[in-house]
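All remarks here apply to the structure that follows.
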Amino acid sequence: MKNLKDQIYYSELYDRFTIEKCQELEKSNGLTSLDHKDKAVAKIKKDFFDKCVAPVAIYFMKGERYCDKEKTIQGWLEKDLALDEKLENAIEPEGVRCIKCSSSKMKCISRDLMNYSKDKDEIVFMFQCEKCSKRRAYWENGKEWEAKPILCPKCSAHLQSEHQRKGNFIETIYTCLDCDYSEAESMDLTRKEEEDMVDVNFEANRKKYCLSSEDGVRYSAEVGHMKAIKDLTDDAKERKSNTKLYDEISKIKKLTIVELQSLLNPALEKADFTSLEFEKPEIQKDVILSFSLQDNKIGREKLVSIQDFQMLVKKTLSYTNWRLMSEGATYKLGFLSGRLRGVEGEEDLKRLAKGNLKNKKIKRRGKVDN
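This is the structure in structure tokens:
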């Protein structure tokens, strides 16, 4: 595996990021919001930041970083594993010849992910001639890799480059042959050595800024408790500002299937609809209940039968958690069938209550117009 590391690597990497974030929050120097022409006031503001603002911010940063750690590391693992699988399963281009001696004995010495085009990484294979050691690189699709030319910022001509090494520094001088432009870049090879140095303060900082499992569980519980209190407060405020809606919800009866049938049968029989039967319910987010019944009123036409039935069901179920589904009822030779939907969640009950309030408003408006 080229990209996938062990669990310790990812855990330490995540904790290093946590340490950096927390240390950044501690820095009050340079914050313009703490500046003041009165030095005494500026000192008070800085002390308040250092003793109150920063510690609280760091407390929540440490806690949230703990809560996100497992999920983030899992994401890193999956990403690196996918990269390794992509590299392993990639197919080497065939028929590569040495550009110098034309030998066909070209050995693939590496395969790496590189940026092929914008927002797209592809695998590039590096081949080396076994005779003259000349190298060529190819993308997985068989196209040869080409170094992107560096263009002159003044005239857009190709820049010539020359490399010189002085100790641990490599200096590259870019020169334009079409104009007088030139620039120099230097690469400090000691930076890599510094990066590889052991951070002697890591464990101490880790203990200071990264929560242990015990402290992390405690933080999660505290945040959960605070969220529960906030939810209760928000719910109380919402109920207070929507008293009509919640009064309407309280009027809705949550019926079981047996109670539903007991409610419908008398009303249906009174209107000459009989033999109401339910099929096995479909348990989804809601409960879907298919039904069938007979129209016993002789001479009642199809459209009238459907209309009478639907109006009766709508009225009978208006203050329950059941509704006739939008496709309505179907009729054939005095036999009606359809589906009912039953709900029990608070949001669904709110929706039903809002519908009832809307219907009441329409009825009141109709009476005024008349």
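Residue numbers for the sequence shown follow the numbering used here, beginning at 39 and rising by one.
Just so it is clear, CB atoms sit at the ideal spot from N, CA and C, and this is done for glycine as well.
Asked	Found
Of all the options ARG174, ALA305, LYS245, ASP159, which has the alpha carbon lying nearest to the alpha carbon of ARG54?	LYS245
What residue range does the alpha helix (DSSP H) around MET99 cover?	92-127
Does DSSP put ILE344 in a helix, a strand or coil?	helix
Which ranges does the beta strand (DSSP E) cover as unbroken runs of at least 3 residues, wholly within the segment 349-385, from first to last along the chain?	360-362, 368-370, 373-380
Can you tell me the Cβ-Cβ gap for GLY101 and VAL261, rounded? I've got them flagged as a contact below 8 angstroms.	7 angstroms
Quick check: the Cα distance between GLU382 and PRO93, rounded to an integer number of angstroms?	45 angstroms
For the alpha helix (DSSP H) containing LYS158, name the first residue and the last one.	Segment 158-167 is the beta strand (DSSP E) holding LYS158; no alpha helix (DSSP H) there.
If ARG16 and PHE163 are in contact, beta carbons under 8 angstroms, what's the gap, nearest whole angstrom?	Only positions 39 to 408 of the chain appear in this structure, which leaves residue 16 out of reach.
Measure the Cβ-Cβ separation of GLY168 and LYS138 and say whether it is below 8 angstroms.	The amino acid occupying residue 168 in the given sequence is Glu; Gly does not appear at that position. The answer is no: Cβ separation not under 8 angstroms.
On the DSSP bridge assignment, give the partners of CYS146 in chain order.	PHE165
Can you give the beta carbon distance from THR210 to SER199, rounded, assuming they're within the 8 angstroms contact cut?	6 angstroms
Counting Cβ pairs closer than 8 angstroms, one from the segment 353-361 and one from the segment 285-304, do we hit at least three?	yes
Just mark ARG256 as buried or exposed, buried being the case when its beta carbon has 16 or more other beta carbons within 10 Å.	exposed
Give the DSSP-derived three-state secondary structure of THR56 in the structure shown.	helix
Can you name the start and end residues of the beta strand (DSSP E) that VAL325 belongs to?	325-333
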